[in-house]
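1 is the number of the first residue of the sequence shown in full-length UniProt numbering; add one for each residue after it.
Just so it is clear, CB atoms sit at the ideal spot from N, CA and C, and this is done for glycine as well.
None of the values given here were measured: they were computed from a predicted structure.
Have a look at the structure below before the remarks.
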Amino acid sequence: MNLPHSQSPCFIDGVAIVGAGPAGLMAAETLARQGIAVHVFDAMPTVGRKFLLAGKGGLNLTHSEPAADFVSRFGARQAQLQPWLQQFGADHVRAWAQGLGVDTFVGTSGRVFPSSMKAAPLLRAWLQRLRGLGVQFHMRQRWTGWGQNGALRLDAPTGSLEVQAKAVVLALGGASWSRLGSDGAWAPWLQAQGVEVAKLRPANCGFDVLHQASVGGETRREFLRELLGQFPTVGWTAHFSSRFAGQPFKSVAINFQGSAGPHFQRRGEFVATATGVEGSLVYAVSALLRDEIEAHGSATFYLDLLPDHSPERVLAEVRHPRGTRSLSSHLKSRLGLEGIKMGILYEQLGKERMNEPLALAAAIKALPVTVVATRPIDEAISTAGGVALEALDEHLMLRQLPGVFCAGEMLDWEAPTGGYLLTASMATGVRAGAGAAQWLAGHPTAGF
1 MNLPHSQSPC FIDGVAIVGA GPAGLMAAET LARQGIAVHV FDAMPTVGRK
51 FLLAGKGGLN LTHSEPAADF VSRFGARQAQ LQPWLQQFGA DHVRAWAQGL
101 GVDTFVGTSG RVFPSSMKAA PLLRAWLQRL RGLGVQFHMR QRWTGWGQNG
151 ALRLDAPTGS LEVQAKAVVL ALGGASWSRL GSDGAWAPWL QAQGVEVAKL
201 RPANCGFDVL HQASVGGETR REFLRELLGQ FPTVGWTAHF SSRFAGQPFK
251 SVAINFQGSA GPHFQRRGEF VATATGVEGS LVYAVSALLR DEIEAHGSAT
301 FYLDLLPDHS PERVLAEVRH PRGTRSLSSH LKSRLGLEGI KMGILYEQLG
351 KERMNEPLAL AAAIKALPVT VVATRPIDEA ISTAGGVALE ALDEHLMLRQ
401 LPGVFCAGEM LDWEAPTGGY LLTASMATGV RAGAGAAQWL AGHPTAGF
């Protein structure tokens with residue numbers, strides 16, 4: 001179906017879905033399975049751009065942990081997400097993939113992947129199913145707000161048009177990776193309609209560290225703030241950045257206790273960047289670090305470089321006589337410390353304190369790393385904030401706009417990586433699709 005480009009709204013005898021990511025596609029499947037006409041609009045030239053990028057290194061579909069543990073990953077929003085995940089949770093995701101002819105397996109971390117590890121074969125099978133159900137796709141159609149009588153205003157390479165439908169599902173994503181279509185431009189259009197939208201913030205993101213400078217062997221944070229008018233210098237020293245940016249910290253642990261939040265302690269890996277830190281272990285604690293920075297201007301976590309070693313053993317090995325060996329050779333021989341781990345010790349302590357056994361041993365087990373800013377939201381894996389859940393009814397319909405439903409990452413919830421983001425996005429798509437179908441059953445002549 002080719003939609004005409006004119007000043008008069010085009011009417012769709014069915015549901016218009018804006019956004020061709022996992023949430024929008026799942027809403028489309030839920031509706032089409034009930035025989036409802038579905039038209040999907042997206043600004044990108046092809047479907048599922050961010051979905052494909054997420055699967056570039058191996059598509060993490062969901063997680064195999066018990067349902068109670070799974071839902072706990074959604075923090076303050078777990079009570080709201082629980083019924084949606086009961087309707088379509090981790091087991092449903094695996095069964096759904098199996099129905100598309102895609103086998104899955106559980107990795108050593110409990111994460112669930114397609115057997116091929118790739119996103120493209122699953123997406124191809126999904127689109128084939130959707131087209132077989134009659135779903136029609138309209139690409140390069142960017143939603144730009146509301147037109148006449150609540151119609152969707154769309155811009156396309158060939159011109160602009162307005163579309164009216166019996167119901168609408170918005171699945172527009174957050175504000176990360178804008179080049180793939182999620183730019184958060186929708187927020188003011190909903191706010192203008194009286195919809196509460198929480199500020200979009202980076203989630204599962206990297207951070208810039210506080211630049212370390214020392215006087216008499218001590219970190220000069222207060223001096224820096226005074227010198228720079230309360231604006232701290234960020235990033236590693238040029239020496240550390242040039243040698244170690246892009247390298248991973250392996251087999252380490254992070255401990256963090258915020259001023260108002262749960263204690264975080266976990267082992268894993270992360271990566272040093274040119275200006276700070278990123279990677280899976282950092283992403284796991286990123287919400288707590290972000291909130292602490294917003295409240296107090298900085299956040300300090302403690303890095304355990306040798307989580308398998310007790311503090312007593314570390315101190316004993318540091319104090320062990322080293323004879324003519326250099327400190328670096330001694331620590332490599334006795335504790336296996338080398339490379340980036342030695343680099344960050346020198347970065348944070350300086351040469352003088354590196355030769356103080358008590359200070360060195362304490363730093364190996366609990367090295368303070370202060371972060372002062374999240375990386376830009378467009379670099380984040382996902383975003384927090386969005387349409388307030390209180391602005392939606394139990395079917396994910398906007399209370400201010402009857403017949404308009406919202407799904408996916410544009411809702412105000414967040415979760416760590418590990419399959420939680422994708423599963424919840426799909427669950428909200430199912431919920432919104434089912435809600436739209438129910439709305440149509442009770443309002444067969446409705447439209448916008």
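Proximity of residue i and residue j at Cβ, strictly below 7 angstroms
| i | j | result |
| --- | --- | --- |
| V387 | V168 | no |
| E196 | P9 | no |
| Q383 | A119 | Here the sequence assigns Thr to residue 383, which means Gln is not the residue at that position. No; because the gap between Cβ atoms is not below 7 angstroms, this pair is not in contact. |
| A373 | Y302 | no |
| K341 | L305 | yes |
| L170 | V18 | yes |
| Q136 | A156 | no |
| P22 | S425 | yes |
| A165 | V15 | yes |
| R73 | A415 | yes |
| Q34 | A437 | yes |
| G435 | T30 | no |
| R334 | P307 | no |
| W143 | L154 | yes |
| A28 | V40 | yes |
| W189 | G145 | yes |
| S178 | D378 | yes |
| V285 | F207 | no |
Residues that DSSP places opposite residue i in a beta bridge
| i | result |
| --- | --- |
| H263 | Q257 |
| S382 | A203 |
| Q136 | H39 |
| F405 | V169, M397 |
| L411 | V387 |
| E45 | Rather than Glu, the amino acid found at residue 45 in this sequence is Pro. Answer is none; P45 lacks a bridge partner. |
| T62 | V112 |
| P248 | V271 |
| D208 | G276, A373 |
Bounding residues of the beta strand (DSSP E) (the contiguous stretch that carries residue i)
| i | result |
| --- | --- |
| T144 | 142–146 |
| G31 | One detail in the question is off: residue 31 reads as Leu in this sequence, not Gly. First-last for L31: 22–32, but that is the alpha helix (DSSP H), not the beta strand (DSSP E). |
| R73 | Per DSSP, R73 belongs to no beta strand (DSSP E) and is neither H nor E. |
| D13 | 10–18 |
| residue 449 | No answer is possible for residue 449: the residues shown for the chain start at 1 and end at 448. |
| P114 | 111–114 |
| R153 | 152–156 |
| E294 | Not the beta strand (DSSP E): E294 falls in the alpha helix (DSSP H), residues 280–296. |
For residue j and residue i, believed in contact at Cβ under 8 angstroms, the rounded distance
| i | j | result |
| --- | --- | --- |
| T62 | L422 | 7 angstroms |
| L180 | M44 | 7 angstroms |
| F256 | L288 | 6 angstroms |
| I381 | S176 | 7 angstroms |
| F88 | V318 | Contact doesn't hold; Cβ gap of about 53 angstroms is too wide. |
| S259 | E294 | Rounded, the Cβ-Cβ distance is 11 angstroms, inconsistent with contact. |
| T233 | S298 | At roughly 12 angstroms, the Cβ-Cβ gap does not stay under 8 angstroms, so T233 and S298 are not in contact. |
| G385 | L200 | 4 angstroms |
| A361 | P321 | 15 angstroms between Cβ atoms; not a contact. |
| A352 | F240 | In the sequence under discussion, the amino acid at residue 352 is Glu, which differs from the Ala named in the question. With a Cβ gap of about 17 angstroms, E352 and F240 do not count as contacting. |
N-terminal and C-terminal residue of the alpha helix (DSSP H) that residue i is part of
| i | result |
| --- | --- |
| L170 | Here L170 belongs to no alpha helix (DSSP H); instead the beta strand (DSSP E) covers 159–170. |
| P368 | From DSSP, P368 is part of no alpha helix (DSSP H) but of the beta strand (DSSP E) over 367–374. |
| F105 | Counting along the chain, F105 falls outside any alpha helix (DSSP H), though it belongs to the beta strand (DSSP E) covering 104–106. |
| M354 | 339–354 |
| H92 | 90–99 |
| E317 | 311–319 |
| W189 | 187–191 |
| V430 | 420–442 |
| H330 | 327–335 |
Same chain only: Cβ atoms within 6 angstroms of residue i, ignoring 5 sequence neighbours per side
| i | result |
| --- | --- |
| G235 | H211, T275 |
| S64 | V106, G110, V112 |
| G229 | Residue placement at G229 is flagged as unreliable, the pLDDT there being 47, under the threshold of 50; a coordinate-derived value is accordingly withheld. |
| T300 | P368, T370 |
Residues near residue i in its chain [Cβ-Cβ closer than 8 angstroms; skip 5 each side]
| i | result |
| --- | --- |
| V71 | Q78, L81, Q82, L85 |
| R94 | L61, T62, T104, V112 |
| Q247 | V271, A272, G339, I340 |
| E269 | P248, F249, K250, S251, V252, G279, S280, L281 |
| E218 | Bear in mind that the predicted position of E218 carries a pLDDT of just 43, short of 50, making it unreliable; the figure below should be weighed with that in mind. No residues qualify anywhere along the chain. |
| G442 | none |
| L389 | R77, Q80, L411, D412, W413 |
Close Cβ partners of residue i (< 7 angstroms) along its chain, the five nearest in sequence each way excluded
| i | result |
| --- | --- |
| residue 450 | It is not possible to answer for residue 450, since the shown part of the chain is limited to 1 through 448. |
| R49 | L180, G181 |
| G194 | Q400 |
| D183 | A175 |
Chain C contact for residue i (CB, 7 angstroms cutoff)
| i | result |
| --- | --- |
| V47 | Of the protein chains in this structure there is only one, and it is not chain C. |
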